Structure formats: structure tokens, C-alpha cells
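Asker: Input: one structure, supplied below.
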Amino acid sequence: MEITLPSMSDKKWTCADLLSSYRFWGITFFFLVLSFISSLGSSYGVYFWSKSLSIPANRIGAILVGGQLGYLLGMVASWFVCRIKNCYPFYFVALLLIISVVCSFCINGPSDVVRLIIAQFLINLGMGIVTLLVPMLLFSAIGSAQTFVILFSLCLLFKFIIAGYLSIF
């Protein structure tokens, strides 16, 4: 499989060139670390909510669904945010994460489940945007959508393997 670079129309990238690129391994490492941290974080959150806050299992399920919807919408929103092509998307993500942390600190007990759902939604929305925004901005120097698709597919495979084998429960 060959990938054409817009700046060098007479040269092509092969998958071997992709595997030897430092950007490929940097993004792969980024996804592995992000997957490991999210696996540990999601497992600890469920344990903390059930033991410390005494939130019932059905509400914990609603919190997790809100978080997953935020992550999915963040991945979709990252395409729109990436079209800006400057540092403003990172300010937007930082604002989202600050709002979600403030919302998380306002939780006092099991009666504040709505705030917890909103906080999880916003945290995962920011994570979803960053998950795709950083690789898109790194690969904008290459300018190849095919390279990004190949890399993201491999990294999603790594993410599912890590999430499947490193679960605490």
C-alpha cells in the first residue's frame, strides 16, 4: 500500500516507511498509555462510587453510559475541532476539563448523580477530542488521511486489547 504525500508528488510512502516513522511509534505509545490510564481510571471510579458514595449499580451504569457517549461525541467533535488548525482547540478542551473538574468537586453524595453524569460526560468529551486531535495535528505535517486511518485502526486494536486484559474486576 502506497501513500502519496502532497508536498512530494513524485514520492510515495509505503507501510514500511510508516512503521519506521517516529510519529507512528509516538502515536502508538500515546494510545497505549492513554488506554492503560483510562482502564485503571474507569475501574477505580466504579469502585469509589459504589463503596464511598454508596451509589447503586443502576445509577453507576447510567454514569458509565454518559461517559461513553461523551467519549464518542468527543471523537466525532475532534474532526470539527481539527479543522481550525491552531492552538484554539486545546483551549477549548482545557476549558471543558476545568468545567468537568469543578463539577466533579461539587458532588457531595449519592443524591448528586446528575452532576456526576455531567462531569463524566464532559471529562470523556474532552478525552475523546484529545484522543483524535493530537494524532490529527501531528499527522497534519504529513497531510495524508490514509496514514491517519491506518494508524488509528492499529491503535484502536491496541486499545481494545489493553482494555480487555487489564481490567481490575
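Heads up, the sequence shown is in the working numbering, so the first residue is 11 and it goes up one at a time.
Even glycine gets a Cβ: it sits at the ideal position worked out from N, Cα and C.
What you are looking at is a predicted structure, and each value in this text was computed from that prediction instead of being measured.
(1) Does I65 come out as helix, strand or coil in the three-state DSSP assignment?
(2) Could you tell me if P66 is buried or exposed, where buried requires 16 or more neighbouring beta carbons within 10 angstroms of its beta carbon?
(3) When the Cα of G139 is compared with those of I70, G71 and A87, which residue comes out closest?
(4) Consult DSSP for S60 and reduce its assignment to one of helix, strand or coil.
(5) Taking the beta carbon of V112 as the centre, do at least 16 other beta carbons fall within 10 Å, making it buried, or is it exposed?
(6) Does the beta carbon of G138 sit closer than 8 Å to a beta carbon anywhere in chain C?
(7) So P120 is in the alpha helix (DSSP H); what residue range does that whole segment cover?
(8) Is DSSP giving S30 helix, strand or coil here?
(9) Leaving aside the five residues before and after I3 along the sequence, list all residues of the same chain whose C-beta is less than 8 Å from its C-beta, in chain order.
(10) Would you tell me roughly how many angstroms separate the C-alpha atoms of F90 and G136, rounded to the nearest one?
(11) May I have the straight-line CA-CA distance separating I109 from F115, to the nearest angstrom?
(12) Is Y57 buried or exposed, if buried means 16 or more other CB atoms sit within 10 Å of its CB?
(13) Can you tell me the Cβ-Cβ gap for G71 and N134, rounded? I've got them flagged as a contact below 8 Å.
(14) Compute the Euclidean distance between the alpha carbons of L106 and F100, then round it to the nearest angstrom.
Answerer: Considering the structure as presented:
(1) Here the question's residue 65 lines up with position 55 in the sequence shown. When secondary structure is reduced to three states using DSSP, I65 falls in the coil class, being assigned neither helix nor strand.
(2) As a working mapping, residue 66 is identified with position 56 in the sequence shown. Exposed: under 16 other Cβ atoms inside 10 Å.
(3) The residue labelled residue 139 in the question sits at position 129 within the sequence shown. The identity of residue 139 in the sequence shown is Ile, whereas the question assumes Gly. Closest by alpha carbon: A87.
(4) For the purposes of this step, residue 60 is taken as the residue at position 50 of the sequence shown. Three-state result, S60: helix.
(5) Mapped onto the sequence shown, residue 112 falls at position 102. The residue is exposed, with fewer than 16 neighbouring Cβ atoms inside 10 Å.
(6) The structure shown contains no chain C, having only a single protein chain.
(7) As a first step, residue 120 is located in the sequence shown; it is residue number 110 there, counting from the start. P120 -> no alpha helix (DSSP H), and no H or E assigned at all.
(8) Indexing the sequence shown from 1 puts residue 30 at position 20. Correct three-state label for S30: coil.
(9) The requested residue 3 does not occur in the structure, where the chain is confined to residues 11 to 179.
(10) As a first step, residue 90 is located in the sequence shown; it is residue number 80 there, counting from the start. As a first step, residue 136 is located in the sequence shown; it is residue number 126 there, counting from the start. Roughly 13 Å between the two C-alpha positions.
(11) Counting from one through the sequence shown, the residue named residue 109 turns up at place 99. Counting from one through the sequence shown, the residue named residue 115 turns up at place 105. I109 and F115 have their C-alpha atoms some 10 Å from each other.
(12) As a working mapping, residue 57 is identified with position 47 in the sequence shown. Classification of Y57: exposed, given that the 10 Å Cβ count is below 16.
(13) The sequence position of residue 71 within the sequence shown is 61, counting from 1. The sequence position of residue 134 within the sequence shown is 124, counting from 1. No, G71 and N134 are not in contact; Cβ-Cβ is about 15 Å, not under 8 Å.
(14) In the sequence shown, residue 106 corresponds to position 96, counting from 1. In the sequence shown, residue 100 corresponds to position 90, counting from 1. Our two residues, L106 and F100, have alpha carbons roughly 10 Å apart in a direct line.
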